[in-house]
Every structure is written in structure tokens, then in C-alpha cells.
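Data block below; observations after.
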Amino acid sequence: MSRHVPEADLALYITGDLSLWKNAAVTVHTAGCEACRQRLDSYRRSRLKLKQSAAELPVGEDWDRLAAEMTANIRVGLAAGECVAPRRTRTGIFVHRPMAMWASVAAGALVLIGAAFWLNLPASDADSLAHAARILVHGTAHTVGTTRGATEDRGPVVEASADGVALRENGVAVSIPEAASRPVAVTVSAPGSASARYVDADTGQMTITSVYVQ
Amino acid sequence: MLAALRETMSEAPRSTRFDDAPLSSERESRFVAENMRRVFLLIYRIVGNVADAQDLTQEAFIKALQRQDQLKDLEKAAHWLSRIASNTAIDFLRRSGRISFSDLEDLPEPLVSSREESPEQRILRHEHRETLEQGLEVLTSRERTALLLRDVEDLPAEEVAARLNCSKATVRSHIANARVKLRRHFDKRKA
């Protein structure tokens, strides 16, 4: 090896990316050369600085806002993908594949638990579910009659109707209107989301509106 | 009333039901939340600006969740996602054929400080970030990508070569050049 180790060799040595022969040669040389040892330490510090700084967000960015935007856009992207090419079966690591026998036992247990839950449901929660059912049946956000204090506020409520999708809380509503279209399907699901697909009668264009409460 | 609800839901066409909507699975949501920051930062360091990094991060997660049937081992999910993310960023660089870095002067004033820190610490952190971003600017896109995959993602050189679709010798050359340039940049800034 020449008087000092070449820069490229020192740069690769710190992560063991040199060949066996060159690695050994650098080890032997730096054991006796203070200058090369200092340059080696400099490369190690530079690499550490890169790892530490790379974990920092860009200057002036609010991560919570960024993450919320990206999460929402991912949902929309997946929903749009489902629209174009619905998955025939859901497979993969995130979906359980129970054996058929245990699946039927679990389904039966769920029906029993669901019935017990419904019978013991508090009045206000029963009213919420009933309201969701009325939306499904009548396709409107208007309350049909009131039962057992259904008028009191119960936190954020998402409603989907032929007129659009609205988020209501404490008497204030934010809505995404949909005009000049006919609804194809309106669904409301727990915990706190509503989606509606609208088809323009003239152009056939489909619009998907989804609101999630988090 | 329960019977009426069941009847209504069973009548709804299956393709419009959102009870099996994407991200309805708690595990999928947790997967996204746990990996989003790491994936975003990796892509940001490769492409160099926030707007593109945001779009590409979304694209990477959508691809990953649409292809989750290809993944059989949950323990390898993070590594698999990183591969999708880096490939998405690399493909973007190939398509655009350029590197775009935000002009540092144009970046907005900090909106939120996520940690309790003194003004001096904040300035120091700002300087470190600025130094790194300027240092990465002097690298070619392949040098920068190879360096980030090797030193930030801690991937072995063979894996980096596979992702960049080049030989191990070429990747070593990229990594060496990148480290030499970055070290010179840091030393110059310190001086």
C-alpha cells in the first residue's frame, strides 16, 4: 500500500465494504498511521451525522398536518382503486384466514353476542343506530320522528344523503354538497364514516364522497 | 329494527358497501401510521422536495396495500415497504430526469415546533439540517440514493445494487464517491 490509504478505500472501510485483502491492508496501515486514523474517524463522524440528520423533518414542516393529509389521500387512492378494479377476495397478511369450522363457530358466537348487545344497548346509542338505519332506508338526513331524547347532541355525526355528505357537531354542520346527480348508494358505517357514490345522469360520471371522523 | 337494518344492508350492492373499505382494518391503519414517517423521510432525501415526497409516499403505501397478498411474513413487512418506497422514488427520478431541491429561502417559517427546545438548539438543528441538505445537493442522484440506502436504511451493498439495478462494484463506487464528497462538505462547513 502507498504512503497513505486512498480516500475511497477509507470511505468504504468504515462499513466493511472493501474486499478481504484491502480490508486487512487498511487495518494494518491505520494501526500505525495517525493521519489515516484521523481521516477514518472523520468518515465515521460524517456517517453518524448523516444518520442523525436524515431522521429530521424538512425545515418548517408540520408533521401532524402532513401525515393527516397523506393518510387521507391514501384512503382515497385505495377507494378509487377499489372502484376501478374491486378485489375479488381479500388475502394477505392483514386478513385472518380461520379454518372453516372455527369460522362458523365464531360467526355463531358473534350473532349471539350481537343479539345480547342489541338488547342491552343504552337508549341513546340505539337511537344513533336507528338514525343510521333511517338514512339507509329513506336516503335522507332528516330525522323521522324522535325517540327517547334523540335531539340531544351526541358528538360528531356523519350523515350521507342524496344532497351530499355532512359532518355535524354541536349544532354546526360542514357538508360536501352533491347537486345535479342521482345517488347510486349511500352507506353509513361505524366508527364514524359515511360514503356516497353519485352518478351524473347526463355524463355518467361517478363521484365518490367519503367523510371520516377521527 | 335490527331486522330492518340487516335487510337494508343485504340489499345494498356488494361493490358499494364500505364495511370492507380499504384501511378499515386496524392493522392496516397501524401499519401506515408506524411506517409513514420513515418512508416519507427516505423518499424526501432521495428526491429532494416535500411536495414530490408527499405524492410518492402516498403512491408507495397504496401500492403496498394493494399488493399485500404478495407478502406472507409480517416481520418482513417494513423491509418490503422500504423496497417499494425506494423503487418508487428511483422510478420518479428516472422519469423526471432531473433533481429538484426546494430553494431553502422559499421554505415557509416554522409553523409548529414539535419539541421543547431553546432558540439556540433550534438554530443548531436548523443548521445541521441545512448542512445535510446542501451536502446531499452536491451528489448525483445515484450517489445520493446509494448513500441513503446504505447509511440510513442500513441495507447491505448487494441489496443496494439490486435496487439500483447495477453491479456491486458500481454501487461501491457510488457509495465511496458520496461519502468522500459529503465528508469534504461537512469539513468545509465546519471550517
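Line order of the protein sequences matches chains A and B. Following my numbering, the numbering of the first sequence begins with 44 at its first residue and continues without gaps. Following my numbering, the numbering of the second sequence begins with 309 at its first residue and continues without gaps. Just so it is clear, CB atoms sit at the ideal spot from N, CA and C, and this is done for glycine as well. Only a predicted model underlies this, so the values are computations on that prediction, with no experimental measurement involved.
| request: Could you spell out the range, first to last residue, of the beta strand (DSSP E) harbouring residue 104(A)? | output: The residue labelled residue 104(A) in the question sits at position 61 within the first sequence. No beta strand (DSSP E) contains residue 104(A), which DSSP labels as neither H nor E.
| request: Within its chain, find whatever has a CB closer than 7 Å to the CB of residue 388(B); leave out the 5 residues flanking it on each side and keep chain order. | output: Indexing the second sequence from 1 puts residue 388(B) at position 80. Excluding residues within five positions, the ones whose Cβ falls inside 7 Å are 379.
| query | How would you call residue 440(B), buried or exposed, if buried means at least 16 neighbouring beta carbons within 10 angstroms? | reply | In the second sequence, residue 440(B) corresponds to position 132, counting from 1. Counting Cβ neighbours within 10 Å, residue 440(B) comes out buried, since at least 16 surround it.
| So which of 217(A), 97(A), 63(A), 70(A) has the shortest CA-CA distance to residue 436(B)? | As a first step, residue 436(B) is located in the second sequence; it is residue number 128 there, counting from the start. Considering only alpha carbons, the answer is 97(A).
| task | Give a yes or no on whether the C-beta atoms belonging to residue 54(A) and residue 484(B) are separated by under 8 Å. | result | The residue given as residue 54(A) occupies position 11 in the first sequence. The residue given as residue 484(B) occupies position 176 in the second sequence. Yes, they are a contact pair.
| If residue 86(A) and residue 480(B) are in contact, beta carbons under 8 Å, what's the gap, nearest whole angstrom? | Reading the first sequence from its first residue, position 43 is the one you call residue 86(A). Reading the second sequence from its first residue, position 172 is the one you call residue 480(B). With a Cβ gap of about 15 Å, residue 86(A) and residue 480(B) do not count as contacting.
| said: Here's a check: name, in chain order, each residue in its chain whose Cβ is nearer than 6 Å to the Cβ of residue 366(B), leaving out the five neighbours to either side. | reply: Here the question's residue 366(B) lines up with position 58 in the second sequence. Apart from the 5 residues on each side of it in sequence, residue 366(B) has no Cβ closer than 6 Å to any other Cβ in its chain.
| the region 355–372 of chain B: which residues have C-beta closer than 7 Å to a C-beta of chain A, in chain order? | 358, 362, 365, 366, 369, 370
| Residues that DSSP places opposite residue 210(A) in a beta bridge | Start at 1 with the first residue of the first sequence, and residue 210(A) comes out as number 167. Residue 210(A) pairs with 201(A), 217(A).
| So what's residue 118(A) in DSSP terms, helix, strand or just coil? | Against the first sequence, residue 118(A) aligns to sequence position 75. Note: residue 118(A) maps to helix in three-state DSSP.
| field | Cβ separation of residue 391(B) and residue 471(B), assumed to be a contact under 8 Å, to the nearest whole Å | value | Position 83 of the second sequence, counted from the first residue, corresponds to residue 391(B). Position 163 of the second sequence, counted from the first residue, corresponds to residue 471(B). With a contact defined as Cβ atoms closer than 8 Å, residue 391(B) and residue 471(B) qualify at about 7 Å.
| Cβ-Cβ separation, residue 162(A) to residue 362(B) (assumed contact under 8 Å), whole Å | Here residue 362(B) is taken as the residue at index 54 of the second sequence, counted from 1. Here residue 162(A) is taken as the residue at index 119 of the first sequence, counted from 1. Wrong, their Cβ atoms sit about 48 Å apart, outside the cutoff.
| query | Among 487(B), 430(B), 381(B), 344(B), which has the Cα closest to the Cα of residue 454(B)? | reply | Within the second sequence, numbered from 1, the residue matching residue 454(B) stands at position 146. Among 487(B), 430(B), 381(B), 344(B), the Cα nearest to that of residue 454(B) is on 487(B).
| task | Have a look at residue 310(B) and residue 385(B) and give me their C-alpha separation to the nearest angstrom. | result | In the second sequence, the residue the question calls residue 310(B) occupies position 2. In the second sequence, the residue the question calls residue 385(B) occupies position 77. Note that residue 310(B) scores a pLDDT of 43, beneath 50, so its modelled location is shaky and nothing firm can be said.
| task | Could you pull out every residue in the same chain whose Cβ sits closer than 6 Å to the Cβ of residue 254(A), ignoring the five residues on either side in sequence? | result | Start at 1 with the first residue of the first sequence, and residue 254(A) comes out as number 211. Within the same chain, residue 254(A) has close Cβ partners 201, 208, 210, 237.
| query | Are residue 460(B) and residue 489(B) close, meaning C-beta to C-beta below 8 Å? | reply | Numbered from its first residue, the second sequence carries residue 460(B) at position 152. Numbered from its first residue, the second sequence carries residue 489(B) at position 181. No.
| field | Touch test, the region 342–358 of chain B against the region 393–408 of chain B, Cβ-Cβ under 8 Å, three pairs minimum | value | yes
| query | Is residue 442(B) close to chain A, meaning its C-beta is less than 8 Å from at least one C-beta of that chain? | reply | Within the second sequence, numbered from 1, the residue matching residue 442(B) stands at position 134. It does not; no Cβ of chain A falls within 8 Å.
| Going along chain B, which residues have a C-beta under 8 Å from residue 153(A)? | Your numbering for residue 153(A) matches position 110 in the first sequence. What residue 153(A) touches in chain B: nothing, since even the nearest Cβ is about 13 Å away.
| message | Just to make sure I have the definition right: I need the residues of chain A whose C-beta is within less than 7 Å of the C-beta of residue 340(B). Which are they? | response | On the second sequence, position 32 is the one that residue 340(B) refers to. The contacting residues are 114, 117.
| For residue 148(A), the three-state DSSP class (helix, strand or coil) | Translated into the one-based positions of the first sequence, residue 148(A) becomes position 105. If DSSP states are grouped into helix, strand and coil, residue 148(A) belongs with the helices.
| Contact check, residue 444(B) vs residue 400(B), beta carbons under 8 Å | On the second sequence, residue 444(B) is found 136 positions in, with the first residue counted as 1. On the second sequence, residue 400(B) is found 92 positions in, with the first residue counted as 1. For residue 444(B) and residue 400(B), no; Cβs fall outside 8 Å.
| said: Considering Cα atoms alone, identify which of 355(B), 432(B), 370(B) is closest to residue 405(B). | reply: Numbered from its first residue, the second sequence carries residue 405(B) at position 97. Nearest of 355(B), 432(B), 370(B) to residue 405(B), Cα basis: 355(B).
| field | Contact check, residue 69(A) vs residue 63(A), beta carbons under 8 Å | value | As a position in the first sequence, residue 69(A) is number 26, starting the count at 1. As a position in the first sequence, residue 63(A) is number 20, starting the count at 1. The Cβ atoms of residue 69(A) and residue 63(A) lie no closer than 8 Å to each other.
| request: Measure the CB-CB distance between residue 117(A) and residue 340(B) and report whether it falls below 8 Å. | output: Locating residue 117(A) in the first sequence gives position 74, counting from the first residue. Locating residue 340(B) in the second sequence gives position 32, counting from the first residue. In this structure, residue 340(B) lies closer than 8 Å to residue 117(A) by Cβ.
| task | With a cut-off of 8 Å on the beta carbons, I'd call residue 468(B) and residue 458(B) a contact; round off their distance for me. | result | Looking up residue 468(B) in the second sequence gives position 160. Looking up residue 458(B) in the second sequence gives position 150. Contact between residue 468(B) and residue 458(B) holds, since their C-beta atoms are separated by about 5 Å, short of 8 Å.
| query | Taking the alpha helix (DSSP H) that residue 374(B) falls in, what are its first and last residues? | reply | Locating residue 374(B) in the second sequence gives position 66, where the first residue counts as 1. Start and end: 358–374.
| task | Compare the C-alpha of residue 371(B) against each of 146(A), 102(A), 121(A) and name the closest. | result | By one-based count along the second sequence, residue 371(B) stands at place 63. Measuring C-alpha to C-alpha distances from residue 371(B) to each of 146(A), 102(A), 121(A) identifies 121(A) as the nearest.
| Is the Cβ of residue 207(A) closer than 8 Å to any Cβ of chain B? | For the purposes of this step, residue 207(A) is taken as the residue at position 164 of the first sequence. Chain B, which has no Cβ nearer than 8 Å to the Cβ of residue 207(A), makes this no.
| request: On a CA-only basis, which of 336(B), 360(B), 346(B) is nearest residue 375(B)? Give me that one, please. | output: In the second sequence, the residue the question calls residue 375(B) occupies position 67. The option with the nearest alpha carbon to residue 375(B) is 336(B).
| Distance, Cα to Cα, residue 91(A) vs residue 428(B)? | For the purposes of this step, residue 91(A) is identified with residue 48 of the first sequence, where counting begins at 1. For the purposes of this step, residue 428(B) is identified with residue 120 of the second sequence, where counting begins at 1. Straight-line Cα distance between these residues: approximately 22 Å.
| Given that residue 109(A) touches chain B, what residues does it touch there, using C-beta distances under 7 Å? | Locating residue 109(A) in the first sequence gives position 66, where the first residue counts as 1. Near residue 109(A) (Cβ distances below 7 Å), the residues of chain B are 362.
| query | Straight-line CA distance for residue 248(A) to residue 114(A)? | reply | What you label residue 248(A) is simply residue 205 of the first sequence in a count that begins at 1. What you label residue 114(A) is simply residue 71 of the first sequence in a count that begins at 1. Near 25 Å, if we compare the C-alpha coordinates of residue 114(A) and residue 248(A).
| request: Look up residue 396(B) in the DSSP assignment and say whether it is helix, strand or coil. | output: For the purposes of this step, residue 396(B) is taken as residue 88 along the second sequence, with counting starting at 1. Here residue 396(B) sits in helix by DSSP.
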